[in-house]
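Take a look at the structure below.
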Amino acid sequence: MRISELSRRSGVANATIKYYLREGLLPPGRATAATQAEYDDTHLRRLRLIRALIGVRGLSVAAAKQVLDTVSEYQADTHQVLGLVVGIPTGNGTPEAAHQDDDAEERGSEAAALLTALGWEVSEYNPARHVIDETLQALRSLGLDHDWHFLLPYAELARRTARLDLDELESLKDPLEMAERAVLLTFLLEPALMALRRLAQEAESMVRHGEAAEPLPDSGTAGGDGHE
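With this note's numbering, the residue at position 9 of the sequence shown is 479, and numbering never jumps.
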């Protein structure tokens with residue numbers, strides 16, 4: 471396909487595609503003339519992944535290029551590809567979060583204990599470990615006496631969610647398509663999952679307490695004397 475067709479099918483402007491070509495995010499097409507080239511479905515899938523990384527995940531162009539290059543390098547290793555696109559550093563890289571303060575190791579013991587109890591094998595550099603530790607610390611500072619045991623039933627729900635996520639990727643064979651889907655599932659679906667939790671809380675509250683609740687006043691008559 472020509473670049474105009476690639477633009478139409480991907481939803482990315484011609485000028486943006488040319489910029490990605492210049493920056494090396496998108497490989498060059500097959501030259502058909504001095505100033506013309508043909509593109510295929512591989513370019514289309516890569517463009518969609520670029521949009522997901524930059525537009526959804528918020529990476530810079532340079533960071534997106536690094537992820538794309540590494541995805542291409544490790545495309546046969548599904549675990550590596552998924553780790554890269556959802557934010558888990560691979561190899562020997564250590565995120566800044568691992569060195570935020572001197573007591574990080576002490577605070578990390580709760581996440582480690584939780585993971586051990588669950589039998590989950592998780593990278594020691596996964597930043598979610600620090601989210602667990604900081605959340606539990608914050609709860610205790612506000613008077614809630616909770617440690618990692620409190621999170622065990624929630625972790626089981628998270629495990630089921632993760633299985634659903636991975637099931638969505640199971641049928642995909644192309645590493646670029648898999649990476650794009652992983653980004654979208656992780657970053658776009660999270661707000662919907664939180665919204666489902668809020669809806670479920672209201673529905674459960676109605677089951678438990680709804681019959682005894684006083685009806686809300688009609689907005690058209692609240693505060694009035696009941697006369698039209």
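Cβ atoms here follow ideal geometry from the backbone N, Cα and C, with glycine treated the same way.
(request) Would you mind reading off the limits of the alpha helix (DSSP H) that contains THR502? (result) THR502: not part of any alpha helix (DSSP H); member of the beta strand (DSSP E) spanning 500-503, first to last residue.
(request) Would you mind listing the alpha helix (DSSP H) stretches within the region 500-544 that are 4+ residues and don't spill past its ends, in chain order? (result) Taken in chain order, the complete alpha helix (DSSP H) segments of 4 or more residues contained in the region 500-544 are 511-521 and 531-543.
(request) Just list the alpha helix (DSSP H) runs in the region 610-676, keeping only unbroken ones of 4 residues or longer that don't cross its boundaries, in chain order. (result) The region 610-676 contains these whole alpha helix (DSSP H) runs: 622-640.
(request) Please classify LEU496: does DSSP put it in a helix, a strand, or coil? (result) In the structure shown, LEU496 adopts coil according to DSSP, grouped into three states.
(request) Can you have a look at ASP644 and say buried or exposed, based on whether 16 or more other CB atoms are within 10 angstroms of its CB? (result) ASP644 comes out exposed.
(request) Please list, in chain order, all residues of the same chain as VAL551 whose beta carbon is under 7 Å from its beta carbon, the five residues on each side excluded. (result) Here the set comprises VAL541, TYR544, GLN545, PRO645, MET648 and ALA649.
(message) Considering only the alpha carbon of each residue, which of GLN607, VAL556 and LEU554 lies closest to SER579?
(response) For SER579, the nearest C-alpha among the options comes from GLN607.
(request) Flag this pair as yes or no: are the beta carbons of GLY499 and TYR509 separated by less than 7 Å? (result) For GLY499 and TYR509, yes; Cβs fall inside 7 Å.
(request) Pick out whichever of MET471, GLU674 and ILE487 has its Cα sitting closest to the Cα of ALA507. (result) Checking every option, the nearest Cα to that of ALA507 belongs to MET471.
(request) Taking only the alpha-carbon atoms, compute the straight-line gap between THR486 and GLU640 and give it to the nearest angstrom. (result) Approximately 32 Å between the Cα atoms of the pair.
(request) Could you work out which residue in SER593, ALA483, LEU612 and ASP617 is closest to ILE602 when comparing CA atoms only? (result) For ILE602, the nearest C-alpha among the options comes from ASP617.
(request) For the alpha helix (DSSP H) holding GLY553, just list the boundary residues, first then last. (result) That run of the alpha helix (DSSP H) goes 548-556.
(request) Could you check what DSSP says for GLU594 in three-state terms: helix, strand or coil? (result) In the three-state scheme derived from DSSP, where H, G and I count as helix and E and B as strand, GLU594 is classed as coil.
(message) Helix, strand or coil for ARG599? Go by DSSP, reduced to three states.
(response) Judged by DSSP in its simplified three-state form, ARG599 adopts helix.
(request) Report yes if the C-beta distance between LEU554 and VAL526 is below 7 Å; otherwise report no. (result) In this structure, LEU554 keeps its C-beta atom at 7 Å or more from the C-beta atom of VAL526.
(request) Would you give the residue range spanned by the alpha helix (DSSP H) that ARG472 belongs to? (result) ARG472: not part of any alpha helix (DSSP H); DSSP gives it neither H nor E.
(message) In whole angstroms, give me the CA-to-CA distance for ALA567 and HIS600.
(response) Confidence at ALA567 is low in this model, with a pLDDT of 41, below 50, so the placement of that residue should be treated as unreliable; the coordinate-derived value is given next. Taking the Cα positions, ALA567 is about 7 Å away from HIS600.
(message) Taking 7 Å as the threshold (C-beta atoms), are LEU514 and SER474 in contact?
(response) Against a cut-off of 7 Å, the Cβ pair of LEU514 and SER474 comes out as no contact.
(message) Helix, strand or coil for ALA582? Go by DSSP, reduced to three states.
(response) Three-state DSSP puts ALA582 in a helix.
(message) Could you check whether LEU495 and LYS700 sit closer than 7 Å to each other, using their CB atoms as the reference points?
(response) Because residue 700 is not part of the residues shown, which for the chain are 471 to 698, the question remains open.
(message) Does ARG482 pass the burial test, meaning 16 or more other C-beta atoms within 10 Å, or should it be called exposed?
(response) Per the sequence shown, residue 482 should be read as Val rather than Arg. VAL482 comes out buried.
(request) May I have the straight-line CA-CA distance separating TYR624 from ASP635, to the nearest angstrom? (result) Pairing TYR624 with ASP635, the inter-Cα distance amounts to about 17 Å.
(message) Using CA atoms only, rank isn't needed, just tell me which of GLY557, LEU584 and GLY613 is closest to PRO597.
(response) The shortest Cα separation from PRO597 among GLY557, LEU584 and GLY613 belongs to GLY557.
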